[in-house]
Every structure is written in structure tokens, then in C-alpha cells.
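S.K.: Residue numbers (this note's numbering), protein chains in the order written: chain A, 676 to 1240; chain B, 19 to 345; chain C, 537 to 843. By construction, the Cβ of each residue, glycine as well, lies at the ideal position given by its N, Cα and C atoms. Starting off with a structure, shown below.
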């Protein structure tokens, strides 16, 4: 009999309009010493299933059917038993280390309390155990740090504390819900290794919930693929990722950007879910003619020279204290040629977003020069000329849910920049433009009459792209445009961007923390760390022959889906 | 640490100066101080003489400086109407108001926090909803209506509690207290309950909102996932987090109570500062008005300062502003 | 067309919440009745209490119709001058509502503009506005209103003050209420201004004014709506408190508070109805507004998870 088993789990959510089945007949099992992954896109139900195991599903959801068995004890719907088991036999790790710890209690207080809840240890014994736990999860100087408060730890350290809390009462089963999604790649690597180490040393059964295929490949023994509440396929990770059987699973694996080569386009599932298709958009000659495409050339479109940006924490009395100043960019230089796709890659705090904001004139540099086609963007006196060039540089953003004004209809969102730059344009022309744009991004004309909240994340990004293209920009800045999207949607949007670049000869500045995506999208790339450029080169050269130690490090730590195939 | 306190101190002084300036402007620009002092019959020379004596022909900043230094000594001049030094009047009346406000504050805070926590933790249920409706009703009742109602019920119909005055008071030094006599305590009941009601209902709703929000945070969820007893979560974890904003509320609360005491003192003819102030407004007795303003502002500012200090010791995030250490 | 609009509103989540809450519906109905009665006071009230010809001292102190000595001509009795309580209350509520609405509108316009501009533009301007708001928020509104009223009295002669009472009160209460609008709007603006659709507008090059009033303002109306409703009841209570204290509306043009003030004098001598009915009326008015505001706050709050 397996150590842990779920059979035919059904979970339902009752909203006022309908009943949503978050989980349908979900069944799987787990053994000790094994790490199993549940992967799926948003809405797949993976988190719901995880929460169901310890009966912490948010209302109005509830388990309607099924069995959850741990070591021969039936857990399903048995609140009394589950209360005893939480923490003691099952440890749970949440996604965001920032909000998982109570900010008003020290680490010691939180650890000791948890330990004493499930054991008879006295205070001193519990304290000693806590210090050992911190050592085990890799926190240095545990005796001193145990008296600190959560906000005194960095993100990765906090997640280690969370793990320490989860294993503090010697549970047999650990459930980790997106444990590394909020962390940088280098820290993610260490946390996942920690989990692997603990699994072996303590003979645990571990369930990892994630949407990241790379994490699955590097960490799990078996994987369960979910989609819309159903398990579409499950089995050994190596097999599922190399030879997926179902069409849904195939499409999921195919959408993941490869880390070891550059492909022309992502192959996608057709809308009816039955076959793989190649879906490049074909812009009509009309649109291309209206666009007025330019030739790819050796001309520099953007010149970013020795730019430094220092942020000062605002106050009336500016302090001479260097504590409150943050140096976001330190002497950064690069240039972008007409018609190419240039990438900026780095972890959080590397300064990539700051660069985007400076180029788009949202903020001004502290020092340095920026030239857009020989017009200086950094000179504040150049305001009038600068404003003329605003239409030439446009941007699309990361969060599809806050990048569109919820009170505007889609057509007005797209029309606004058109009307702003061409003040005397008549309505018919505006409409023509809007129709062209909505066609370009592959959405129906009926969408124009709707409001943003009626659309999904991927569709909203398309609308953002349409808005950005409305002024026929020469440079399109993409600031983490797909980081908040599911991997299959990401593939669609990236395809769209590739098509647009090819057929309209757009110059693109692509910013991301995701190395495989950069490899797929960019001709040349700069690697950034803490506001400084480590390396700039052709993208392929960076991946095949990295020169800087940081680049090498990033490439080594990057989770690779191919690692298991 | 000293940085934090110094900044707060500086802010307090700034606020006091602004209030002093408003007060000062009241003095000088609302009506004519000389006219108010000597009436209509005085001749032009007499007026000019008084103007010189009061220093009203000096430049503004000199006058302001004089005003501030006088105020800090507690000197506010003579009341137009009662012709007594304002500082005397204040000393007489202050204890009455402070005792009233103190007792009301205690009632409002204890009852308010208790019910706020209860309804925050038990969101559903008849008792909770009942308390909420009552509290909403309480917010809709103007303080003076409550006062009148109480008087009618307890004094007129039942006749067990006095409807006006402080009862017997004992004098300790310059302070007159009603705490030490039976009649003093009896007289305190109705006004303090009246005064506390509005604040109490406000606190209930606020604490409830805080508790509900906290109970939905990730760290509470994580505590549940670790198997910690729900009661401990409610009354130790959540409460501690929930009390931080309550401290700010308490600060503002006392301020509001002082303001509302004007109403209560009027209804119950309680001989405190509020009654003094209301009469002053009706007769445009500027010295009393401006003195009251400064006194009250001083109390507010002091309380806010104490609240800031309390915050410092309770919320570790303010205490340890060091940036997180890198891995 | 209109029916479709109403249907659409009712079909939204908020509309659904409204339909489900019997309390909200009841409160709205009561409130609407009072407002309509005040608007059409001349039709609804059986008498005009300001017409000297219609009052007679002989009718003074008549108790309500259902008690001894009552008169069916005066359902709720008469006051010390012989004025019909019911009519005086209706006219009084008209005054209370006028002051309430006007002062809140004043506070709203002032507070929201300052809040949005200070939140969006930031810098020294924001810090200055915030200081003002903070300082004024430490002073309770009643005190603020008293202060403004006191100052006004110093400037205007007593008789003129009585005629101008309504304007002074609107100003006084409006000034005392604007900070909470400013504070809430600023907080909401700070959240919105970092959202990416605002960044997109900036990149396009739209001017600050356009961004503030065309983009940000429509998206922060929810909390403003909640505060307006609750503020309205606060304004009405403040006005009646001021009138009760004797610094509000004079007896020649009484609001509900003034009526209660005078009725108070007769409480001990047994003519309870002169104070009682205006007090009940006032409380019912405030309560219905508060219920509505309370429901609105819960319905519009995205943080409270749906049940």
C-alpha cells in the first residue's frame, strides 16, 4: 500500500452563476523518498488539490467526493483528524516568503511555538531544536539569527525559514505550493537542492506544485500534468517530458522555450485542441503598405551611453546619508541597431526595468547620454523635440491585469494614442487604423466593443500590443511581457511578436529574467547584474560560449527541461 | 532611535506653531480686541492708549512672538465676557473635562476592542450581526440625543441618577476630583457613557475590519497549516497584529473625545472646558477660544507623540530598519 | 434603452448584492421617502410653519393625536408656539438635508481634487497638502466646524449671521470634512498611479491633467462613493449638533437640531413630544444613510472574499 494516496477527488466551487469543478476524479499516489510534481497552467486545479489535502480550501470551494489517505489514515472531510495532522505529519510550504511569516514575532517565537504545539518539549529543548533546524536548512549563524524578525531576512533566507517551520515537527509528507516562483533563479536553485536533500535525509514524500517545466525536470521523479481540473497524464518525469502521449501534454511540453537551441517558432495546439499547427499571422499587403516598413540596417537606432541612475528616497530634507540612495544603474552602455531584436537579461535588482523607464522617458538618468537616431533623449531642455519622438518609442508591460484602463472600451484604449498624435484625424481614419491593429494582433473586431475585464491575460497582452503599435513606433520595448502568462499563452504571444518583427521590421528591446525566452527572441543580448553590464554579445554566443563568470553561473543554475530527457 | 524621535518632536513643534498662529490670528483679526474690551463709549484717545498698552501697534512678528511666549507660560489674557484671567478659568475647568474624557476613553476602548475582536473572529452568527447593527445604530445617534435620552430615562422616569453637574468634588492641590465621592461617581456615570458610545461603536467597526483582514493573510494561513490551535491564532497572532492600528485609533480617539465633550458637557451642564468653549463661541469671547484651541492642540500633539513612541516599541519593523542581509 | 441599462446594473455583482440585502433595500426606501418629502415639503406638510398666519398660540403644547388632549389636526402635536410638529419636522429635515448634501459636495470637490493632484504629482506639493490634511484630521470635525462658525460670527453681525447661517454652516462643515476625502483619494491615487496603464498613458505623452482626470479619477470613485455616503450622515449629525449647541440654525429657520434644542427645555415639564419626534426623525435619517453606506462599503470592497 502506498504511503500516500488520493482517489477520485472531486472539488467544486459554487459561484452565483454556476458551479465550477476545480478537480475531477483526481487520483495519484506517492511513496516515501519520492518527489512528485503537479504541473499545470492557471485554472488547472493544482493548487486546489494541494490545499484540499490539508483541508484549507478557500470558501466557497468544498470537497464533494473522494478519498485522501496518508499511511492508512483517511483524511478526506475529517476535520478533527486533519487538525492533528497539520504540521505534525504534513508540512505545507506557501509561495510567497514575504507574506508567509508573521512580521511581529521573531523566528524563534514562531519556531518554538510550532514545535511545542506538536510535542512535549520544554522551552529550552524547543529552542535548541529550532537552532538545529535553521542550521539544517542552511542559515548561517543560527544562534544569532534566530532572534531576528522576518523582515530582517532576504527573500531566499525567508523561504528557508519557512521550510524549517514546515519540517519542524518531523512530518512525513511535504507539500510545496510554488515554493520558488517568487525567487530569483540562483536562489531557486539552492532552495530546490535543499528540498531534494531533505527528501533523502529524512525519507520524506514531497509534492511540488509548479507551472515551471524546468523545475519539474530538475527536481521531480514523477510528474502529474493537470488541465482544467483533470489529470491529463502522469508518470515518470523523464518519460512525460520526452515522449508525452496526450495531445494536451504534448502541446504543453512544446510551449516551453528550449534552453539548448533556438527555434523559429513555437508549435501550438489548435483552438479545437485536436492538432498541432503552425500559426503565424499573415499580414495583408495593405497593412504592410500602410505601415511603411523600414529596412534592417547597420544604422544605430538607440545609443545608450554610460548611463548611471541613482534613486533618492524622497524627503523634504534630502539626507547626505548614503543609506537611502540606491544605485540602480552604474555606467551602463549598449546600442540597438535598426530592425534587430535586442535582449536585456538579469535577475531582480539588475536594473533592467530602470533602463526601460529611462528610454521611454518616464524617468531621467542621473548621468550619461541617450541618443535616439541622433536626437538626445537625456537633455531635459529638449522637451519639445522629445515629445515629438514619444510616438516612436512604445512599451508593453508585464502585468496584463493592470496595463489596460478597466473603464475604457478596447477601441478607446487603442484609439487614444492615435488621436493624440494625429489631432485632426477624422473618425473614419481612426476606425480604419483600429481595425488594422486588432487584425494584426489576431483578435476579433467584436473585441473592440468590450471591456478589458472580459478578456484573459494573453488576450489583454495582445490588446496592449495593439495599443503600442498604434503610433507606428520604431522601437518597441517589451518589459517582461510574458512573465505573468501561462507557458502556452506565452508561446502564442512570443510567436506574435516574432511575426510582427519579421513582417513589419520592428526594432524590439526585449527585457526578461527568463534566459530560454531571451534565447528564442533576441539577436543580441546584454547580461546585467546589480546595475552593471557583465557581457554583451550575439545571443547564441552568450549561450554557447559565455565569457563573464556571472553569465556562466546563470546558465548553470537555469532550470532546464532538457536535463531529464 | 533618536532620529525617529527627533523627527516626531520636530513635527509636533511645527503643528503647535501652526495652531498658535491660527490662534493668534483669531485674536488680532476677528473683531477688534480693543472694542471688545472697552465697549462703545470709550473715546478715540482711550482706545489708542489701550492699543499702545496691549502692544497692538507693534509689528506682527513681535506680537506673534509675545503671544507664543505668553501662551507657553499659560497666559492668555482676560476673558472678554467674564473679565477673569483665562488661565484661571482653564485651571478650574480642566480637571472636570479630563476626568470625564479619561473614564469615557477607558469604556470606549475596552468595550470597543472586546466586541470588535469578537465580531471580527466570529463573522457569521446572530450575536455578531446583532452587535453590528447596534453599533451602526450607535453611529447614527448624535451624542446629544443619547444624552437627552439617558437623562429622560434615568433622571426623569427612574430618578436614580443625577442629570446635571458633577456632584461633590474633593480638591487636591489645584485639582478637583469627583472620583473620591459617591455623588461624584454617580454624576460621572451618565455623561461618560454618553460620551463613550459614539467612539465605542467606531472602534468596534474598525477593530472588526482589521481582524477580518488579518485573518485572511498568508501568515495566518501558514499558522493554520502548521497545526497551531485556532484559538491561539485568533487571540495571540491575529490580535497582536490587529492591535497596531488600534493604538493609532486610541490616539485620535482621545482627541475626538475631548471635542465631543463639548456636547456632553452642554447636555449635562458638566462644568468643564467644553462648556466654557461653547459659551465663548456664542459670545465671541476670543481669548477663551484661542486658549482652548492651543490647550486642545497641545493635548492632541502630546498624545500623538506618545502613540508614535508606543509604535516604535511595538512594531519591530520600525525598530529594525536594517535592510535584509544578502545570502 | 433605459430599462436595459437598469437591467445591466442590477445584473452586476453589486446589483446582485443589493437585491439580496433586504436591509439595503429598506434603508434606500426610507431614505428616498425622507428626501422626497423634504423636496416637496410644501405639498407633503399639512401646514406651513413659517407662515405666521397659520399658527396660533392657542394650539401650543398640544400633545400627539393619540394621547389625551390630542387633536387630529396635529398628528404629532404642536410646539411651544403652536406650530405643527409634523410640518416643522419636514421643513427642518429639508434644511438638514440641504446642508448635508451641499457640504459634502463642497468637501468632495475640494478633497478629491487635492487628493488626486497631490497623490499623482507628488513632491513638495504633496507633502504640503498631506501636512494640512494630517493637521486637520487631528482636529475633530465638530471642533473645526465650531471654529469656522466662531470666526464667522466675529466677522458678521448677529442678525446677518442668522440669515447667512446656512452658508456659514455649509462652509464650516465642508471645511471640516474635506480631509477625509483628500486622504482616501490620495491613497487610491497612489495605488493607481503605479499601474501600468498609467505608465502607458505617460509614454504616449498625455498631459498630467488628462491622466489625472480621465484615467485615474474614474477608477478611484468606489471609495469616494462610500465615504460620501457615510460623510453625508456625519454632516447631518454635525449640523444638528451645532444647532443643538446653539451655534447652528436659529429658531426662525430651525433645523432638526434646533427643534431638539428647544424641545429639551420642555422635557422635564412633560411635553416630551417636542423633542422626541425630531430626535427620532433625525436618527432614522442618519441610520438609513449609514445602513446604505455600510452595505456599499462591503459590496465595493474587493478584499472581502465573496461568500
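Could you tell me the alpha carbon to alpha carbon distance between residue 805 of chain A and residue 262 of chain B, rounded to whole angstroms?
M.R.: 28 Å
S.K.: Could you compute how far the alpha carbon of residue 991 of chain A sits from the alpha carbon of residue 661 of chain C?
M.R.: At residue 991 of chain A, the pLDDT of 42 sits below 50, so the modelled position is not reliable; the number obtained from the coordinates is stated separately. Looking at the two C-alpha atoms, the distance is approximately 11 Å.
S.K.: Which chain B residues sit within Cβ distance under 7 Å of residue 769 of chain C?
M.R.: The answer, in chain order, is 158.
S.K.: Does DSSP put residue 919 of chain A in a helix, a strand or coil?
M.R.: coil
S.K.: Quick one: what's got a C-beta closer than 7 Å to residue 303 of chain B's C-beta in the same chain, skipping five residues either side?
M.R.: 97, 98, 99
S.K.: Would you mind reading off the limits of the beta strand (DSSP E) that contains residue 907 of chain A?
M.R.: From DSSP, the beta strand (DSSP E) with residue 907 of chain A extends over 905-911.
S.K.: Per DSSP, residue 737 of chain A forms a beta bridge with which residues?
M.R.: A:687
S.K.: I want to see whether chain B comes within less than 8 Å of residue 1223 of chain A, judged by CB atoms only; does it?
M.R.: Against chain B, the CB of residue 1223 of chain A has no partner CB under 8 Å away; the residue lies outside that interface.
S.K.: Among the candidates A:837, A:762, A:927, A:725, whose CA atom is the shortest distance from the CA of residue 778 of chain A?
M.R.: A:837
S.K.: Helix or strand or just coil, what does DSSP make of residue 924 of chain A?
M.R.: helix
S.K.: Just to confirm the assignment: which complete beta strand (DSSP E) runs, minimum length 3, are found wholly within the segment 690-734 of chain A?
M.R.: 694-705, 710-715
S.K.: Would you identify the three-state DSSP class for residue 824 of chain A, choosing helix, strand or coil?
M.R.: When secondary structure is reduced to three states using DSSP, residue 824 of chain A falls in the coil class, being assigned neither helix nor strand.
S.K.: Please go through the segment 157-236 of chain B and give each complete beta strand (DSSP E) segment of 3 or more residues, from N-terminal end onward.
M.R.: The DSSP assignment places complete beta strand (DSSP E) segments of no fewer than 3 residues inside the segment 157-236 of chain B at 188-190, 193-195, in order along the chain.
S.K.: What's the C-alpha gap between residue 36 of chain B and residue 703 of chain C?
M.R.: Answer to the nearest angstrom: the Cα atoms are 26 Å apart.
S.K.: What did DSSP end up calling residue 91 of chain B once you bin it into helix, strand or coil?
M.R.: helix
S.K.: Would you identify the three-state DSSP class for residue 1099 of chain A, choosing helix, strand or coil?
M.R.: coil
S.K.: Can you give me the Cβ contacts of residue 825 of chain C inside the same chain, cut-off strictly under 7 Å, excluding the 5 residues immediately before and after it?
M.R.: 567, 765, 768, 769
S.K.: Enumerated in chain order, which unbroken segments of the alpha helix (DSSP H) with a length of 4 residues or greater are wholly contained in the segment 805-871 of chain A?
M.R.: 817-820, 830-842
S.K.: Please report the distance separating the alpha-carbon of residue 652 of chain C from that of residue 234 of chain B.
M.R.: 30 Å
S.K.: Can the beta-carbon of residue 113 of chain B be found closer than 8 Å to that of residue 194 of chain B?
M.R.: yes
S.K.: Please decide whether residue 23 of chain B counts as near chain A, where near means a Cβ-Cβ distance under 8 Å.
M.R.: Cβ-Cβ to chain A under 8 Å: no for residue 23 of chain B.
S.K.: Relative to the C-alpha of residue 631 of chain C, which candidate in C:828, C:821, C:837, C:717 has its C-alpha closest?
M.R.: C:821
S.K.: When you compare the CB positions of residue 679 of chain A and residue 702 of chain A, do they come within less than 8 Å of one another, or not?
M.R.: Going by C-beta atoms, residue 679 of chain A is not nearer than 8 Å to residue 702 of chain A.
S.K.: Just list the residues that DSSP pairs residue 881 of chain A with in beta bridges.
M.R.: A:710, A:849
S.K.: Kindly indicate which three-state DSSP category residue 1091 of chain A falls into: helix, strand or coil?
M.R.: helix
S.K.: Per DSSP, what kind of secondary structure is residue 621 of chain A in: helix, strand or coil?
M.R.: Any property of residue 621 of chain A remains undetermined from this structure, which presents chain A solely from 676 to 1240.
S.K.: Between the Cα of residue 983 of chain A and those of A:1206, A:706, A:843, A:731, spot the shortest distance and give me the residue it belongs to.
M.R.: A:1206
S.K.: Using the C-alpha atoms, what's the distance from residue 780 of chain A back to residue 934 of chain A?
M.R.: Spanning the two alpha carbons is a distance of roughly 42 Å.
S.K.: At which residues does the alpha helix (DSSP H) containing residue 1316 of chain A begin and terminate?
M.R.: Since the first residue shown for chain A is 676 and the last is 1240, residue 1316 of chain A is missing from the structure and cannot be characterised.
S.K.: Work out the CA separation of residue 595 of chain C and residue 614 of chain C for me, nearest whole Å.
M.R.: 7 Å
S.K.: For a contact defined as C-beta to C-beta under 7 Å, what are the partners of residue 733 of chain C on chain D?
M.R.: The structure shown contains no chain D; its protein chains are A, B and C.
S.K.: So, with DSSP's three-state summary, where would you put residue 1105 of chain A?
M.R.: helix
S.K.: Applying the criterion that 16 or more other CB atoms from any shown protein chain within 10 Å of the CB defines a buried residue, is residue 868 of chain A buried or exposed?
M.R.: exposed
S.K.: Check whether the Cβ atoms of residue 1017 of chain A and residue 1198 of chain A lie closer than 8 Å to each other.
M.R.: In this structure, residue 1198 of chain A lies closer than 8 Å to residue 1017 of chain A by Cβ.
S.K.: Out of curiosity, what's the CA-to-CA distance linking residue 746 of chain A and residue 809 of chain A?
M.R.: 28 Å
S.K.: Counting only beta-carbon atoms, is residue 1124 of chain A nearer than 8 Å to chain B?
M.R.: no
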